[in-house]
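Peer 1: Chains as they are written, first to last, in my numbering: chain A, 95 to 401; chain B, 26 to 338.
Glycine included, C-beta positions come from ideal geometry on N, C-alpha and C.
Everything numeric in this text was worked out from a predicted model, so none of it was measured.
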Amino acid sequence: MEKELIYKIPSIYRDDFRIHGYRFGSGEKTLCIIGSMRGNEYQQIYTCSQLVKTLKKLEQEGKLCEEKEVLVIPSLNPCSMNIEKRFWPTDNTDINRMFPGYTLGETTQRIAAGVFEKISAYKNGIQFPSFYMPGKFCPHVRMMKTGYENVEKARQFGLPYIVLKVPKPYDTTTLNYNWQVWETDAFSLYGTSTEQLDEESAQEIIRCILRFMEGNGILKEEVTTPLESKVFSDREMVSVRPHKSGIYKSMVSVQERVIKGQLLAYILDACEGEIIEELRAPVDGVVFFEHDKPLVYANTAVIKLLP
Amino acid sequence: MITSIASVPLPVDETLEIKKNRFVPEDGGNGRRISIVTGIHGDELEGQLVCYEVARKIRENPQKLLGTVDLYPALNPLGIDSITRGIPGFDLDMNRIFPGVPDGAMTEYLATRIVKDLVGSDLCLDIHASNIYLTELPQIRINELHKETLVPLAKEANVDFVWVHGANTVLESTLAHSMNSLGVPTLVAEMGVGMRLTPEYAKQLTDGIFRLMQRLHIWEKEEIQVKEPIISENPDEICYMNAPVSGLFLKKKKHGVIVEKGEEIGAILNPYTGEIMESITAPSKGLLFTIREYPVVDEGSLLARILKREVEA
Ligand SMILES: [Zn+2]
């Protein structure tokens with residue numbers, strides 16, 4: 095393993111901004127893995143750090159193929175994470191809205207360009223993103239439906255679900271989208287959480303990546319067992335939304351199977367404590383996403399069911 | 026009459042409402058309608074003073090009003106009230122969610138209500154005030170897709186500069202793009218700086234609004250002089266100057282002046298050592314229409330924009 099500097103911006107008031115990567119093997123650029131891009135993606139950096147540790151051990155045991163190059167970048171944005179801010183400290187821009195970047199542009203455009211130059215030649219790209227709504231997910235692989243998406247390859251992770259998302263205008267500046275356009279097979283891996291550490295979920299994601307590495311000849315021997323995935327479009331999900339705002343009290347958890355009519359959550363009056371709304375499952379299905387904040391705004395999709 | 030165009034109950038004993046004030050003549054008027062919207066970005070306040078000036082002039086001269094004027098001073102009321110650029114609680118740029126979906130999250134729902142309410146306007150003006158980092162000369166920005174309809178209108182808006190820029194996928198989710206796509210001509214004004222008011226700009230744009238109202242037969246004829254704006258349709262004419270290093274930027278020129286090639290616009294200073302880290306000079310002659318206001322810069326931060334052309338300030 096070699097630790098290398100991917101990108102740097104000298105700073106005057108604080109330490110230089112640095113992005114470091116960890117390189118395993120050399121030769122064919124086979125896989126690049128990006129951990130957190132925003133300052134609150136703690137589970138993402140944690141999972142990535144555990145992956146670095148795991149790969150280091152596998153390399154020492156001689157189990158990694160030396161001719162295949164794997165680059166792991168745990169954080170594209172240490173300076174936001176160090177001050178517990180989601181977006182870029184000075185101008186609140188999102189690095190994941192700046193790809194493929196511009197070397198003569200604004201700060202986060204330069205970061206995106208500097209990083210993309212180093213990662214765009216890899217055959218496969220994996221990132222650990224977070225959803226713009228706070229909540230917990232069923233672990234899944236998410237891919238943008240650009241026409242370049244490689245669904246068969248996504249099955250190699252053996253995650254229970256593969257979600258195909260139809261891109262919206264603002265998605266065209268994400269890393270996943272641009273990787274695909276530049277002919278990298280790109281996969282976004284969602285574990286359950288973002289701001290809370292979930293050990294089990296981190297280990298599951300690492301197992302999935304090892305499975306993927308086996309499938310692509312990066313691992314010399316089998317260390318995992320294959321698993322089946324269910325493929326579906328994000329449009330198949332059934333959203334459950336409260337009509338009222340208030341305190342959100344959940345009665346289910348992600349990955350749970352529910353039946354039509356089952357009570358999913360209560361909305362309580364925030365001052366008087368009374369139940370003002372009951373949310374019930376409109377269909378049979380699996381709880382794929384669940385809101386995890388104490389308060390909720392009316393009309394927010396608090397639960398997404400996969401029928 | 027002040028009415029609510031969208032209303033959402035918040036979790037604890039409060040309702041979020043987006044309000045507008047409608048001015049119509051006593052006899053109902055001719056049905057022609059202009060909508061002035063602002064405050065999508067909660068940290069941009071220049072439009073507040075424009076709304077005030079427009080409302081004041083109508084109140085003082087009600088007999089001159091021939092059609093309908095709708096004022097929407099705060100499309101993002103929670104943002105304005107909490108000094109937040111985006112929608113608080115969502116960390117979301119409100120100008121990236123249009124046209125919205127009716128059964129979507131609160132933000133998406135608000136977007137659909139705004140669009141629905143603006144439909145039917147003969148003209149919509151969306152007033153922005155740059156951001157807290159940059160000061161802008163009063164200008165109208167137009168997506169090239171809509172230039173045929175919008176440039177003739179922009180010429181009467183009493184701005185200094187009309188910038189026709191390239192189409193960009195991301196900008197498809199702005200309010201202006203949604204409205205123009207629905208056939209409501211919508212101009213985007215940018216002027217001044219975030220978190221501050223520039224009274225002379227408010228006055229200037231207000232004159233432009235009344236001139237446009239005359240053109241639309243919403244306001245009775247009166248003598249209003251408007252500036253002939255510089256119009257740029259060529260992206261190669263716009264020169265962007267970004268910070269070569271991080272440090273403290275001190276501007277040396279005011280926006281709106283003509284700079285010569287090589288002339289110093291500002292400098293990036295090092296407060297620890299007393300050294301000038303970089304002197305920032307104009308790469309060519311032209312109109313300095315944007316200048317950095319917020320002093321702390323990262324490498325890459327935008328410092329200035331120049332329209333490279335032989336123009337008179
Ligand atoms: Zn704005």
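Check for me: the beta strand (DSSP E) holding LEU328 of chain B runs from which residue to which?
Peer 2: First-last of the beta strand (DSSP E) with LEU328 of chain B: 327-332.
Peer 1: In whole angstroms, give me the CA-to-CA distance for LEU103 of chain B and GLY111 of chain B.
Peer 2: Each residue's alpha carbon lies about 9 Å from the other.
Peer 1: For PRO224 of chain B, does the three-state DSSP call read helix, strand or coil?
Peer 2: Of the three classes helix, strand and coil, the one that applies to PRO224 of chain B here is helix, per DSSP.
Peer 1: Judging by CA-CA distance, which residue of A:CYS142, A:LYS262 and A:ILE213 is the nearest neighbour of GLY125 of chain B?
Peer 2: Selected option, being the one with the closest Cα: A:LYS262.
Peer 1: Under a three-way DSSP split, which group does VAL237 of chain A fall into?
Peer 2: The question names Val, yet the displayed sequence has Met at residue 237 of chain A. Note: MET237 of chain A maps to strand in three-state DSSP.
Peer 1: Using the Cβ count rule (16 or more neighbours within 10 Å means buried), how would you classify GLY340 of chain A?
Peer 2: With 16 or more other Cβ atoms within 10 Å, it is buried.
Peer 1: For GLU135 of chain A, which beta-bridge partners are listed by DSSP?
Peer 2: GLU135 of chain A is not bridged to any residue.
Peer 1: Taking ALA248 of chain A and PHE281 of chain A to be in contact with their CB atoms under 8 Å, please state how far apart those CB atoms are, rounded to whole angstroms.
Peer 2: Confirmed, Cβ separation roughly 6 Å.
Peer 1: Ligand 1 and GLU69 of chain B: does the residue's C-beta get closer than 7 Å to at least one heavy atom of that ligand?
Peer 2: Under cutoff, so the answer is yes.
Peer 1: When you compare the CB of ASP109 of chain A with every CB in chain B, is at least one pair closer than 8 Å?
Peer 2: Cβ-Cβ to chain B under 8 Å: no for ASP109 of chain A.
Peer 1: Would ASN267 of chain B and SER304 of chain B qualify as a contact pair, given that the criterion is a beta-carbon distance under 8 Å?
Peer 2: No, Cβ-Cβ distance for ASN267 of chain B and SER304 of chain B is not below 8 Å.
Peer 1: Does the distance from the CB of GLY67 of chain B to the CB of ILE122 of chain B come in under 8 Å?
Peer 2: Contact flag unset, no.
Peer 1: Among A:TYR271, A:LYS398 and A:GLY379, which one has its Cα closest to the Cα of SER333 of chain A?
Peer 2: Cα-wise, what sits closest to SER333 of chain A is A:LYS398.
Peer 1: Do three or more CB pairs link the stretch 185-200 of chain B to the stretch 44-56 of chain B at distances below 8 Å?
Peer 2: In short, these stretches do not touch, since the Cβ pair count stays below three.
Peer 1: Give the residues of chain A in contact with ARG110 of chain B, contact being defined as C-beta atoms less than 8 Å apart.
Peer 2: Correct list: ASN186.
Peer 1: Scan the stretch 157-184 of chain B for residues whose Cβ lies nearer than 8 Å to a Cβ of chain A and list them as they occur along the chain.
Peer 2: The residues in question are TYR158.
Peer 1: Pull the bridge partners of LEU389 of chain A from the DSSP assignment, please.
Peer 2: Answer by DSSP bridge pairing, in chain order: A:ILE341.
Peer 1: For a test of your reading of the model: does the CB of ILE220 of chain A fall under 7 Å from any non-hydrogen atom of ligand 1? Yes or no.
Peer 2: Every heavy atom of ligand 1 is 7 Å or more from the Cβ of ILE220 of chain A, so no.
Peer 1: As an exercise, report each continuous alpha helix (DSSP H) stretch of at least 4 residues that is fully enclosed by the stretch 193-237 of chain A, in chain order.
Peer 2: DSSP runs (the alpha helix (DSSP H)) wholly in the stretch 193-237 of chain A: 201-213.
Peer 1: Entirely within the stretch 70-102 of chain B and at least 3 residues each: give me those beta strand (DSSP E) ranges in chain order.
Peer 2: Segments of the beta strand (DSSP E) lying fully in the stretch 70-102 of chain B: 93-97.
Peer 1: Between ALA214 of chain B and chain A, is any beta-carbon pair separated by less than 8 Å?
Peer 2: ALA214 of chain B does not count as touching chain A.
Peer 1: Work out the CA separation of LEU145 of chain A and TYR116 of chain A for me, nearest whole Å.
Peer 2: When rounded, the distance between both Cα atoms is 11 Å.
Peer 1: State the DSSP-derived secondary structure class of GLY104 of chain B, mapped to helix, strand or coil.
Peer 2: It is helical.
Peer 1: Compute the minimum distance between the beta carbon of ILE65 of chain B and the heavy atoms of ligand 1, and state whether it is under 7 Å.
Peer 2: Yes - ligand 1 has a heavy atom lying nearer than 7 Å to the Cβ of ILE65 of chain B.
Peer 1: Return the bridge partner residues of TRP244 of chain B from the DSSP annotation.
Peer 2: DSSP, once it has assigned bridges, lists B:LEU90 as partnering TRP244 of chain B.
Peer 1: Specify, as a first and last residue, the run of the beta strand (DSSP E) that VAL164 of chain A falls within.
Peer 2: Where VAL164 of chain A is concerned, the enclosing beta strand (DSSP E) stretches over 162-169.
Peer 1: How many Å lie between SER146 of chain B and VAL49 of chain B at the Cα?
Peer 2: Taking the straight line from one Cα to the other gives about 14 Å.
Peer 1: Assuming VAL348 of chain A contacts GLU372 of chain A (C-beta within less than 8 Å), just tell me the rounded distance between them.
Peer 2: Wrong, their Cβ atoms sit about 20 Å apart, outside the cutoff.
Peer 1: Do you know offhand how far ARG351 of chain A's Cα is from VAL380 of chain A's?
Peer 2: If I take the Cα positions, the gap works out to 4 Å.
Peer 1: Compute every distance between the C-beta of HIS153 of chain B and the non-hydrogen atoms of ligand 1, then say whether any falls below 7 Å.
Peer 2: Yes.
Peer 1: Roughly how many angstroms lie between the CA atoms of VAL325 of chain A and ARG236 of chain A, to the nearest whole one?
Peer 2: Answer to the nearest angstrom: the Cα atoms are 10 Å apart.
Peer 1: For MET266 of chain B, does the three-state DSSP call read helix, strand or coil?
Peer 2: Reduced to three states, the DSSP call for MET266 of chain B is strand.
Peer 1: So LYS102 of chain A is in the beta strand (DSSP E); what residue range does that whole segment cover?
Peer 2: Per DSSP, LYS102 of chain A belongs to the beta strand (DSSP E) from 96-103.
Peer 1: Could you give the distance in angstroms between the alpha-carbon of LEU90 of chain B and the alpha-carbon of GLU245 of chain B?
Peer 2: Cα-Cα distance, rounded: 7 Å.
Peer 1: Nearest to GLY272 of chain B by CA position, among B:LEU328, B:ALA192, B:LEU41 and B:LEU35, is which residue?
Peer 2: Out of B:LEU328, B:ALA192, B:LEU41 and B:LEU35, B:LEU328 has the C-alpha closest to the C-alpha of GLY272 of chain B.
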